[in-house]
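Have a look at the structure below, then the notes.
Residue numbers (this note's numbering): 13 to 140.
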């Protein structure tokens, strides 16, 4: 004959003496979404409630988990293209329309191709 206990949260715990099995059923409860400030306050309160031993055990478990990413390994860089080692200087240059049409018609990277032609004309080494 199973013994059943229900607590105030709606969780039912059933112990079946014949089989020795314990079954726990959690009742559905509506979740009230927290604001950012409430979530931070709750996290800080939880962290402050931990004993030194509990904190050490949680830290060890997190470090032993291969899926854990340390905060120092995360970067907060801006999205988009990464910065080049040597950036170019933006300039305003007046060119003949046929010259611009020639380079633009060759597709993306036309400004870099103009840079390459100017480097060759000036006798400069090609960039890496």
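Cβ atoms here follow ideal geometry from the backbone N, Cα and C, with glycine treated the same way.
As the structure is a computational prediction, the values presented were derived from the model and not from experiment.
### Query
Less than 8 Å separating the beta-carbons of residue 46 and residue 54?
Stepping through the chain shown from its first residue, residue 46 is reached at position 34. Stepping through the chain shown from its first residue, residue 54 is reached at position 42. Cβ atoms of residue 46 and residue 54: closer than 8 Å.
### Task
Have a look at the DSSP bridge pairing and note the partners of residue 83.
Counting from 1 along the chain shown, the entry for residue 83 is found at position 71. In the DSSP output, where bridge partners are listed per residue, residue 83 has none listed.
### Query
Looking at the unbroken alpha helix (DSSP H) that takes in residue 34, where does it start and where does it end?
Within the chain shown, the letter at position 22 stands for residue 34. Not the alpha helix (DSSP H): residue 34 falls in the beta strand (DSSP E), residues 33–37.
#### Entry: Three-way DSSP call (helix, strand, coil) for residue 24 in this model
Along the chain shown, read from residue 1 onward, the residue named residue 24 stands at position 12. In the structure shown, residue 24 sits in a strand (DSSP, three-state: E or B).
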